[in-house]
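Q: Going by our numbering, the first residue of the sequence shown is number 162, and it counts up by one from there.
The structure follows.
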Amino acid sequence: MSECLLQLFEHTFISDFPRLKERLKEVIIKQLNDVKDILSERVQEILDTERRVFT
């Protein structure tokens with residue numbers, strides 16, 4: 162998913178506004194990583210709960 166977003170981003174901001182392009186790219190990558198971390202934590206919590214229930 163992140164690769165698709167970055168490709169769309171590259172095509173949208175071809176060479177105009179290079180500083181804006183880089184900054185937005187950094188923000189998008191950071192947000193995707195943050196969400197990934199949060200989702201991983203949540204999935205781990207759910208798995209831990211399931212283990213307790215079934216053991």
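All residues carry an ideal CB built from backbone N, CA and C; glycine is no exception.
Treat the numbers as computed from the prediction; the structure is a model and nothing was measured.
Using 8 Å as the threshold, is the C-beta distance between isoleucine 189 and leucine 166 below it?
A: Along the sequence shown, read from residue 1 onward, the residue named residue 189 stands at position 28. Along the sequence shown, read from residue 1 onward, the residue named residue 166 stands at position 5. Closer than 8 Å, so yes.
Q: Consult DSSP for phenylalanine 215 and reduce its assignment to one of helix, strand or coil.
A: Counted from its first residue, the sequence shown places residue 215 at position 54. Three-state result, phenylalanine 215: helix.
Q: Alpha carbon to alpha carbon, what distance is there between glutamine 205 and proline 294?
A: This structure gives no information on residue 294, because the portion of the chain shown stretches from 162 to 216.
Q: Where does the unbroken alpha helix (DSSP H) through phenylalanine 170 begin, and where does it stop?
A: In the sequence shown, the residue the question calls residue 170 occupies position 9. Counting along the chain, the alpha helix (DSSP H) containing phenylalanine 170 begins and ends at 163-173.
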